[in-house]
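Heads up: the structure comes next, in structure tokens.
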Amino acid sequence: MLVNEDTYPHTKSLSLGRYRFALMSFVTIVTACYLWIEFGLHDFKTSLGDFESIHWIFAGIIWLSGLVSIQYGYGRVRKASDAIMSERNNLLAIFDAAHVGMLLINGRMDVVRVNQTMAEQFDKGTEQRKGNSHGIILRCPNARVNPLGCGHSPDCNSCELMLSLRETLKNGLSTVGKESLLQCEKGDEIIQMWILYSVRPIELDGERFALLSLMDVSERRNAEMLLRSQKETYRALVENVPDIIVRYDQSGRKLYANPAYERLVGVQAGKMLGMTSRETPVFGQVVSNQIHQAIHHVLGNGQAKEIEINWETAPEGAQKFHLASFVPEFAADGEVTSVLCISRDITELRTFQHQLQHMAFFDPLTKLPNRSLFNDRLDQLVSDLSRSEQATAGIMFLDLDGFKAVNDTLGHDAGDHLLQVSGNRIRGCLRDYDTVARLGGDEFAIILPELRQELDLALVARKILTAIEAPFTISGKELFITTSIGIACYPADSSETSELIRFADAAMYHAKAMGRNNFQFYSASLTQHAAERMELESDLRKALQNGELELYYQPKVDTVLGVLVGAEALLRWNHPVKGVVLPDKFIGIAEDNGLITGIGAWVLQTACQAAVEWNQGALYPVKIAVNLSVRQFLNNDFLDTVRTVLLETGCRPEWLELEITESLLMVHKPEIIATLEVLNHKGISIAIDDFGTGYSALSYLTDFPVSTIKIDKSFIRDIPSHKRNLELVRAIVSLGHALGIELVAEGVETGEQAACLDRLGCHIIQGYFYGRPMSITAYNAWRTAFASSRQTDDEMSRLVHSSWRDYLTTGHDMIDGQHRELFRRITKLTLACRSGKGHHEVAQMLDYLGGYIKTHFFVEQELLLSVNSPHYEEHKAAHDSFSSVIDMLRSRYRQDGENAALTVETNYVAVDWLTKHICTMDRDLADRLRQAANGEDALP
């Protein structure tokens, strides 16, 4: 916007003043000349006469000179004025063209001039700005009112800009490069802007003006604020982020390390700045070398690098994992100036991954490899061994015998504990580089590389068998289990992984079939055996429906009385193709697939029906013995099944005897005791089958209501010639007599064995000596023939046992058992006398009787003391009196040696006294024992 006199009055007055000065000078000169002519030349005129013409000539010259002077002066003035105006125009052109907003303000705080930039920035018209305060455009942000002015008086001290203007106009002081936040009018909108302003004084025609230059620096200021905010944000992130951030220079020295780094290493970052990773090996030398190599890789290649580092923390020794990224930082010329390392803690991730991997390949219970890892390792081993012609290895499959009984009775927690301990024991039998895996359930598998001979494998197998045989303490109870092991060899049996597994499994089942608690090597015949097992399992599912199952019966005979006292029911399977299949071939299969429950119920039903038939009109009760499997006994419906069978068949409880194995009694669970107590309370006998072959804990003979012990045939086979077996049986018999438990000898095949057992005091025998297991038809025929061949005139014996059965029970199992044994010994002595036995033999039997009577009396007297019976002395006196009678009989027989007299005295004296004594004193003792056990008040 150019200057003109209308716009700027001070410029117009300047030009007129110069014109006025030139005119006044001209008039002054003319007037002076005129006066000089008029008065200075008066004498000259007088001397010359009337020189009128000369007067005008001089006047003209003077006026002409004045005009020339005026013209010349005016030209000079005009030229100077034009130069000034040109300079002003140039300056104002610069003023208007400046890219910085500028205002010219006079001493009255009026805006005199606004340049183009200022006009473009604000849409208020220039005319509107002139003469108004600068507040038309700018205002203090603290203004409480918003007129067109700033809301402040010219003497406002709260606005820095106002103060600067006042200082400039008043004192001529300049203000350069100050920033202020002001409110600005932009159209109808008032906005806040950051202004960079300078105020300089300008003198024009003696008047001081203020030149205010303004620049909108809001974008820069906002950018700076944003940058500061971002820097603060980034600083907060860097200092508070859990990741480690370290900057390295071109020499690999630390330039910066964030607080996370300090927390990790436990050293202030300032102490490590300027040092390389090798100079500060806080993570160990190995990790320091990794970091050093990564930094120089980035510096050399200009490419980012990512590495994973791990180290052990001190003093905990915990493993730490970090994923470190090294990123290059470039200068403008593309040169790598520094390396930024960002390291993240991935310990939890690696731990989780390890846990996932462990879960995928390891059994969570035993911490051993699972089936998947076992197969992988076996595949790898076979692959490695295939490269060598001499390489060998062994594969073992193990199954814990009796585990299901523990798991079903003590519960899954006990079963889990048993698996853990078993796994540890197996692991302890192996080398470090052997593999033992849990395949599932109670099955384990072992990989044994570098074992060249079967003998080596056999040694390992025996070691494992011994380890598992040792007692387990589970939930405070001592338990016993065994294991069956199958072994396959590489490459002798196969070089294929799948076949090795299948062959070892087949060998394991063969070990079970061979009686368990042993190991078996694979042979080609076992493949056929495995196929037959699968076929049997399929056929067995239909056997019960098709009526293919049948019970055989083997008799039990009392050798003293010469009478049939019972039979054991033995299951047979009449297979339509294979013929008669024995239980050892299919009972294990039935237990594994759950068919044993249905088969067991059918056996119980059929056996009880036979017992009802045999006891009709029988003089002496005949018991039917039924074997129970562990799975059958532990079935929740077992007691209900027994009740239902007894009710449906009409079988009396005392005609039924249930045979269980020692392995079941090894699990001392309250439910088992409760079940046996219920059965015993109903009158059902409980027999321990194969006594002495398991892990016998004699405490269970008192903990459980056991009424019969069956001595295993392995002790009977060589009893006449094998002294150790003889003494073992003698000990078992003595134990049974002391506890009042009935004894049955299994597997008796010869008369010599029967006679030996009779001398030891075991009078009930079962075996081929009397009869093989027979079908119901054959057994009934045998029973009839046996009764006819064993007729005896010993009516007294029959009467004694008949009386015992009906009247002489006290209700206390141990006392009744000992009484029963006394009657048997008396009857045996009577029969010996009548059969003409030798004097020495009868005398020995009489001594045995006397010794047993004293033992029995001692037991009763201890029981009397245990309940503080007031009849102790009376009871003891009766015992002493009867003992004296027996001693008298023994003495008389040694002197006389008359069997007939001894027979009469023994029957009438001993039996009569015992009958009276049992019905009075012993029943009183049994009542007191029962009340003491129930917590009732004692009898008077």
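Under my numbering, the first residue of the sequence shown carries the number 320, and numbering increases by one thereafter.
Quick reminder that beta carbons are idealized off the backbone N, C-alpha and C, glycines included.
Here the structure is a predicted model, which means the values were calculated and not measured.
Exercise. Where does Arg663 fall in DSSP's three states?
Worked result: Taking the first residue of the sequence shown as position 1, residue 663 is located at position 344. The three-state reading of DSSP puts Arg663 in strand, counting E and B together.
For this session: Count the CB pairs spanning the stretch 806–814 and the stretch 760–780 that are closer than 8 angstroms, and state whether there are at least three.
Result: Contact between the stretch 806–814 and the stretch 760–780 is established, with three or more Cβ pairs separated by less than 8 angstroms.
Problem set entry | Three-way DSSP call (helix, strand, coil) for Pro520 in this model | Here residue 520 refers to the residue found at position 201 when the sequence shown is read from its first residue. Three-state DSSP puts Pro520 in a strand.
Exercise. Counting Cβ pairs, one atom from each stretch, are 3 or more of them under 8 angstroms apart for the stretch 1089–1103 and the stretch 861–875?
Worked result: Three or more Cβ pairs drawn from the stretch 1089–1103 and the stretch 861–875 lie within less than 8 angstroms of each other, which places the two stretches in contact.
Exercise. Along the chain, which unbroken stretches of the alpha helix (DSSP H) at least 4 residues long are found entirely within the stretch 666–719?
Worked result: Qualifying alpha helix (DSSP H) stretches, in chain order: 666–680, 690–704.
Exercise. Where does the unbroken beta strand (DSSP E) through Glu1071 begin, and where does it stop?
Worked result: The count along the sequence shown starts at 1 and reaches residue 1071 at position 752. Where Glu1071 is concerned, there is no enclosing beta strand (DSSP E), although the alpha helix (DSSP H) it sits in stretches over 1070–1079.
Problem set entry | Exposure label - Lys1029; buried when at least 16 CB within 10 Å | The residue given as residue 1029 occupies position 710 in the sequence shown. A residue is called buried once 16 or more other Cβ atoms fall within 10 Å of its Cβ, and Lys1029 is buried on that count.
Problem set entry | Delimiting residues of the beta strand (DSSP E) encompassing Leu870 | Numbered from its first residue, the sequence shown carries residue 870 at position 551. First-last of the beta strand (DSSP E) with Leu870: 868–877.
Problem set entry | Integer Cβ distance of Leu1079 from Arg1049, believed to fall under 8 angstroms | For the purposes of this step, residue 1079 is identified with residue 760 of the sequence shown, where counting begins at 1. For the purposes of this step, residue 1049 is identified with residue 730 of the sequence shown, where counting begins at 1. Contact between Leu1079 and Arg1049 holds: their C-beta atoms lie close to 5 angstroms from each other, under 8 angstroms.
Exercise. Hey, is Leu859 close to the ligand ZN, as in C-beta under 8 angstroms from one of its heavy atoms?
Worked result: With respect to small molecules bound, the structure shown includes none, and the ligand ZN cannot be examined in it.
For this session: Enumerate in chain order the residues of its own chain whose CB-to-CB distance from Phe905 is below 7 angstroms, with the five nearest sequence positions on each side excluded.
Result: The sequence position of residue 905 within the sequence shown is 586, counting from 1. If we look at Phe905 and ignore the five residues flanking it on each side, its Cβ neighbours are Leu855, Leu859, Trp892.
For this session: Let me know the secondary structure DSSP gives Ser1094 once reduced to three states.
Result: The residue labelled residue 1094 in the question sits at position 775 within the sequence shown. It is coil, neither helix nor strand.
Exercise. Thinking just about the alpha-carbon of each residue, which of Ile628, Asp1166, Asn490 is nearest to the one in Ser607?
Worked result: On the sequence shown, position 288 is the one that residue 607 refers to. The shortest C-alpha separation from Ser607 is found at Ile628.
Exercise. Starting from Glu654 and walking both ways along the alpha helix (DSSP H), at which residues does that stretch end?
Worked result: In the sequence shown, counting from the first residue as 1, residue 654 sits at position 335. For Glu654, there is no enclosing alpha helix (DSSP H), as DSSP marks it with neither H nor E.
For this session: Using a threshold of 9 angstroms, state whether the C-beta atoms of Pro972 and Ile1003 are closer than that.
Result: Mapped onto the sequence shown, residue 972 falls at position 653. Mapped onto the sequence shown, residue 1003 falls at position 684. A distance below 9 angstroms separates the beta carbons of Pro972 and Ile1003.
For this session: Just tell me which of Thr728, Gly742, Leu700 has its CA closest to the CA of Leu684.
Result: Taking the first residue of the sequence shown as 1, we reach residue 684 at position 365. Considering only Thr728, Gly742, Leu700, the residue with the shortest C-alpha distance to Leu684 is Gly742.
Problem set entry | Host alpha helix (DSSP H) of Gly805 (start-end) | Start at 1 with the first residue of the sequence shown, and residue 805 comes out as number 486. Not the alpha helix (DSSP H): Gly805 falls in the beta strand (DSSP E), residues 801–809.
Exercise. Skipping 5 residues on each side, what residues in its chain have a beta carbon closer than 6 angstroms to that of Ala623?
Worked result: In the sequence shown, counting from the first residue as 1, residue 623 sits at position 304. Correct list, in chain order: Val646.
For this session: Could you tell me the boundaries of the alpha helix (DSSP H) in which Gln612 lies?
Result: For the purposes of this step, residue 612 is taken as residue 293 along the sequence shown, with counting starting at 1. Taken as a continuous stretch (DSSP letters only), the alpha helix (DSSP H) holding Gln612 covers 604–620.
Exercise. Rounded C-beta distance between Phe722 and Ile787? I'm assuming under 8 angstroms.
Worked result: Within the sequence shown, numbered from 1, the residue matching residue 722 stands at position 403. Within the sequence shown, numbered from 1, the residue matching residue 787 stands at position 468. Contact doesn't hold; Cβ gap of about 10 angstroms is too wide.
For this session: Can you say whether Met544 is buried or exposed, counting buried as having 16 or more other CB atoms within 10 angstroms of its CB?
Result: Here residue 544 corresponds to residue number 225 of the sequence shown, with the count starting at 1. Met544 should be labelled exposed.
Problem set entry | Cβ shell of Gln435 (< 6 angstroms), same chain only, five flanking positions each side left out | For this step, residue 435 is matched to residue 116 along the sequence shown. If we look at Gln435 and ignore the five residues flanking it on each side, its Cβ neighbours are Asp415.
Exercise. Between the beta-carbon of Val779 and the beta-carbon of Gly713, is there less than 9 angstroms?
Worked result: As a first step, residue 779 must be located in the sequence shown, where it is residue number 460. As a first step, residue 713 must be located in the sequence shown, where it is residue number 394. Contact check for Val779 against Gly713 passes: the beta carbons are separated by less than 9 angstroms.
Exercise. Counting only beta-carbon atoms, is Thr816 nearer than 9 angstroms to chain C?
Worked result: Looking at the structure shown, chain C is missing, and only one protein chain is on hand.
Exercise. Nearest to Pro768 by alpha carbon, out of Thr595, Val755, Val655, Phe1105?
Worked result: Residue numbering aside, residue 768 sits at position 449 when the sequence shown is read from its first letter. Comparing Cα positions, the closest option is Val755.
For this session: Label Asp877 either buried or exposed according to how many other C-beta atoms from any shown protein chain fall within 10 Å of its C-beta, with 16 as the threshold for buried.
Result: For the purposes of this step, residue 877 is taken as the residue at position 558 of the sequence shown. With a 10 Å radius around the Cβ and a threshold of 16 neighbouring Cβ atoms, Asp877 comes out buried.
For this session: Measure the beta-carbon distance from Ile783 to Leu717 and round it to whole angstroms, keeping in mind my assumption that it falls under 8 angstroms.
Result: Sequence index remark: in the sequence shown, residue 783 carries index 464 (1-based). Sequence index remark: in the sequence shown, residue 717 carries index 398 (1-based). Rounded, the Cβ-Cβ distance is 7 angstroms, consistent with contact.
Problem set entry | Start-to-end residues for the alpha helix (DSSP H) that takes in Gln739 | Within the sequence shown, residue 739 is the residue found at index 420, counting from 1. Segment 731–747, the alpha helix (DSSP H) holding Gln739.
For this session: Could you tell me whether the Cβ atoms of Phe1010 and Ile1051 are closer together than 9 angstroms?
Result: Mapped onto the sequence shown, residue 1010 falls at position 691. Mapped onto the sequence shown, residue 1051 falls at position 732. The answer is yes: Cβ separation under 9 angstroms.
Exercise. By DSSP, does Ser532 sit in helix, in strand, or in coil?
Worked result: Position 213 of the sequence shown, counted from the start, is the residue given in the question as residue 532. Residue state, collapsed to three classes: strand.
Problem set entry | Through-space distance from Ala724 to Gly734, alpha-carbon basis | Walking along the sequence shown from the start, residue 734 turns up at place 415. Walking along the sequence shown from the start, residue 724 turns up at place 405. Answer to the nearest angstrom: the Cα atoms are 9 angstroms apart.
Exercise. Are Leu1141 and Leu1208 touching if we call contact CB-CB under 9 angstroms?
Worked result: What you label residue 1141 is simply residue 822 of the sequence shown in a count that begins at 1. What you label residue 1208 is simply residue 889 of the sequence shown in a count that begins at 1. No, the pair does not count as a contact, with Cβ atoms beyond the cut-off.
For this session: Decide if Gly1059 is buried, meaning its Cβ has at least 16 other Cβ atoms within 10 Å, or exposed.
Result: As a working note, residue 1059 is residue 740 in the sequence shown. The residue in question, Gly1059, is buried, as its Cβ has 16 or more Cβ neighbours within 10 Å.
For this session: Measure the CB-CB distance between Asp1246 and Gly1130 and report whether it falls below 9 angstroms.
Result: The count along the sequence shown starts at 1 and reaches residue 1246 at position 927. The count along the sequence shown starts at 1 and reaches residue 1130 at position 811. Between Asp1246 and Gly1130, the CB-CB gap stays under 9 angstroms.
Problem set entry | Same chain only: Cβ atoms within 8 angstroms of Leu819, ignoring 5 sequence neighbours per side | Here residue 819 corresponds to residue number 500 of the sequence shown, with the count starting at 1. Counting only residues of its own chain and dropping the five nearest sequence neighbours on each side, Leu819 has a CB closer than 8 angstroms to the CB of Leu697, Val701, Ile714, Ala807, Tyr809, Asp812, Ser813.
Exercise. Taking the alpha carbon of Val899 as the point to measure from, which residue in Met1133, Asn726, Pro1092 has its own alpha carbon closest?
Worked result: Translated into the one-based positions of the sequence shown, residue 899 becomes position 580. In this structure, Pro1092 is the residue among Met1133, Asn726, Pro1092 with its C-alpha nearest to the C-alpha of Val899.
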